[in-house]
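Undergrad: Below you'll find the structure I mean.
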């Protein structure tokens with residue numbers, strides 16, 4: 001007889017975030033995928049495509065922001081009970097260099113989880129093909145709020 | 001005998017911004033359109049659609065940010081000579097309430113144009129059908145940088 | 001028989017803010033004074049003095065930030081009941097130009113008061129002697145939180 | 001025969017930052033001291049005193065911001081040639097918890113040094129007496145600009 005997984009095991013945590021992620025129409029529209037989920041850290045990937053570009057052909061700051069905002073929000077969600085959802089109260093992003101690359105990975109991390117506000121930091125890494133080396137193209141500092149589901 | 005329009009007449013200014021806007025793949029992907037161009041102020045509209053949603057069905061903070069970032073960038077571009085383009089150095093956005101509505105209009109305005117940095121503020125207005133009343137759903141403060149085209 | 005003034009008359013509102021302001025050691029240390037209190041807007045003044053300078057002799061960004069942070073906080077406090085106090089959750093400031101002048105006035109304004117978060121904008125104006133003209137040297141966007149007194 | 005220290009040796013770097021720090025009237029007014037200087041990282045300390053307090057007796061967000069803004073600025077300055085000075089273009093700070101402690105240390109670090117803009121992150125650590133343990137009370141993300149001295 002197998003036992004059902006308890007809540008907050010890694011797999012149920014991943015499933016909870018993945019289910020929420022799948023409901024974000026924008027992530028599918030951009031072509032973003034959920035890459036990794038740990039307690040306090042979530043990664044979201046975005047392949048380059050002309051549909052997310054700005055006028056010079058690089059990835060638009062809005063697309064970069066979208067994936068790292070979601071990564072920060074989901075990092076916050078990993079630290080909330082299953083009956084909670086999360087929304088962004090505010091964030092700030094510095095675009096360090098043009099978002100040039102074949103693939104981008106946004107990493108969101110919880111820095112402090114207070115009673116009402118969860119402060120996260122995020123970065124977006126740009127990868128070229130055939131290499132694990134990356135350049136950080138953006139840094140985010142964000143405030144998330146837990147809300148009833 | 002008619003005279004050719006000189007640069008920086010309203011029409012040539014609109015054309016310059018519209019041409020740049022048309023090259024932003026992300027704006028078409030989101031369904032955003034260029035609404036108004038004046039020296040120092042640009043408006044971009046976004047109709048609601050599930051493809052720009054977050055998990056609760058409202059518009060994703062990333063989509064809201066994308067249109068107001070572009071509106072701020074183009075507001076800055078209206079104050080630069082035609083051989084210049086503009087990129088976002090950084091911005092901060094406060095999401096004041098859930099982005100619920102049928103249509104959203106981002107307004108970007110130049111607050112101060114220095115030699116290298118142009119500081120803009122932006123807001124995003126949510127409209128329901130059949131009414132001119134709106135609610136401000138987001139406030140942005142942004143730094144743009146002029147670059148060679 | 002005279003009646004005691006009810007809470008939230010302009011005078012009691014001013015008194016409440018002034019009493020709180022007087023308890024901020026930093027404001028006295030900088031030489032800042034409470035200038036004006038209305039529901040949703042507060043002004044704080046700072047005369048130039050070498051004791052608030054940065055290395056070039058202009059006013060330090062930290063002093064500019066201190067007065068506009070307090071102005072935003074008190075603007076938020078004017079919209080909270082008397083048993084509440086307010087703390088800053090986060091803010092962002094753009095320094096538009098060197099803070100050169102003889103007197104500076106920070107203006108904080110409430111933009112949106114939600115259930116837990118109050119979003120404010122602020123600006124700092126630089127005045128020279130013998131003139132009402134001013135230059136805006138800084139713009140702030142801030143999130144305040146109401147707390148029990 | 002002894003050799004004069006060349007520029008950019010650790011000692012001359014420290015001296016350059018210390019000389020600039022000594023010219024910031026605000027740092028002396030707050031009671032802040034320069035603690036550590038490395039290429040790309042600077043630390044500034046602030047003892048608790050009622051003169052830097054907010055209304056509840058904790059350290060005012062403005063004082064916390066002042067030391068971490070200076071720490072970020074000096075971190076940027078360590079990566080600029082000696083004929084340059086640095087000013088803050090903008091910063092954003094999250095106040096994670098009340099600034100309670102006996103001593104605070106602001107750490108500023110360069111994250112990316114571009115041609116015109118230097119992006120830094122900072123944190124402020126709160127210490128109580130007789131312990132090396134600390135709590136991070138604030139996180140900053142800042143943009144500095146090099147200017148002619």
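Chains as they are written, first to last, in full-length UniProt numbering: chain S, 1 to 149; chain G, 1 to 149; chain P, 1 to 149; chain L, 1 to 149. Each residue gets a CB set at the ideal place from its N, CA and C atoms; glycine is no exception.
#1: Taking 8 Å as the threshold (beta carbon to beta carbon), is residue 86/S in contact with chain L?
#2: If we call anything under 8 Å between Cβ atoms a contact, is residue 127/L one with residue 101/L?
#3: Looking only at C-alpha atoms, which of 110/L, 53/L, 82/L and 67/L sits nearest to residue 46/L?
#4: Decide if residue 114/G is buried, meaning its Cβ has at least 16 other Cβ atoms within 10 Å, or exposed.
#5: Assign residue 56/G to one of three DSSP states: helix, strand, or coil.
#6: Return the residues of the stretch 83-107 of chain G that lie within a Cβ-Cβ distance of less than 9 Å from chain L, sorted by chain order.
#7: Consider the Cβ of residue 141/L: report whether some Cβ of chain C lies at a distance smaller than 8 Å.
#8: Let me check one thing: in DSSP terms, what residues is residue 33/S bridge-paired to?
#9: From the DSSP output, in three-state form, read off residue 26/S for me.
#10: Label residue 38/S either buried or exposed according to how many other C-beta atoms from any shown protein chain fall within 10 Å of its C-beta, with 16 as the threshold for buried.
#11: Taking residue 72/G as the reference, give the member of 120/G, 145/G, 149/G and 139/G with the closest Cα.
#12: Given that a residue counts as buried once 16 or more other Cβ atoms are within 10 Å of its Cβ, and exposed if not, what is residue 62/G?
#13: Straight-line CA distance for residue 79/L to residue 140/L?
#14: I need the DSSP call for residue 93/L, collapsed to helix, strand or coil.
#15: When you compare each of 32/P, 30/P, 24/P and 36/P to residue 14/P by their alpha carbons, which one comes out closest?
#16: So for residue 111/P, helix, strand or coil by DSSP?
#17: Between residue 145/S and residue 87/S, what straight-line distance do the alpha-carbon atoms span, to the nearest angstrom?
#18: How long is the line joining the alpha carbons of residue 97/S and residue 44/S, rounded to whole angstroms?
#19: If we call anything under 8 Å between Cβ atoms a contact, is residue 25/P one with residue 49/P?
#20: DSSP puts residue 127/G in a beta bridge; with which residues?
#21: Can you tell me where the alpha helix (DSSP H) with residue 69/P in it begins and where it stops?
#22: Return yes when the Cβ of residue 142/L is within less than 8 Å of the Cβ of residue 83/L, no when it is not.
#23: What number of angstroms, rounded off, separates the C-alpha of residue 41/P from the C-alpha of residue 21/P?
#24: Which term fits residue 137/G, buried or exposed, when burial requires 16 or more other beta carbons within 10 angstroms of its beta carbon?
#25: Per the DSSP calculation, residue 88/P is bridged to which residue(s)?
#26: In whole angstroms, give me the CA-to-CA distance for residue 19/G and residue 85/G.
#27: Taking only beta-carbon positions, decide if residue 111/G is within less than 8 Å of chain P.
#28: Bridge partners for residue 165/L per DSSP, in chain order?
#29: Examine chain P for any beta-carbon lying closer than 8 Å to the beta-carbon of residue 128/G, and answer yes or no.
#30: Tell me the rounded alpha-carbon separation between residue 131/S and residue 54/L.
#31: Please decide whether residue 14/P counts as near chain L, where near means a Cβ-Cβ distance under 8 Å.
#32: Rounded to whole angstroms, how far is the Cβ of residue 105/S from the Cβ of residue 125/S, which I believe are closer than 8 Å?
#33: Would a check of beta-carbon distances place residue 131/S closer than 8 Å to chain G?
TA: Judging by the given coordinates:
#1: no
#2: yes
#3: 67/L
#4: exposed
#5: coil
#6: 89, 90 and 92
#7: In the displayed structure, chain C is absent; the protein chains listed are S, G, P and L.
#8: 45/S
#9: helix
#10: exposed
#11: 120/G
#12: buried
#13: 19 Å
#14: strand
#15: 36/P
#16: strand
#17: 5 Å
#18: 20 Å
#19: no
#20: 103/G and 134/G
#21: 61-77
#22: no
#23: 14 Å
#24: buried
#25: 144/P
#26: 12 Å
#27: yes
#28: There is no way to answer for residue 165/L, as the model of chain L reaches only from 1 to 149.
#29: no
#30: 51 Å
#31: no
#32: 5 Å
#33: no
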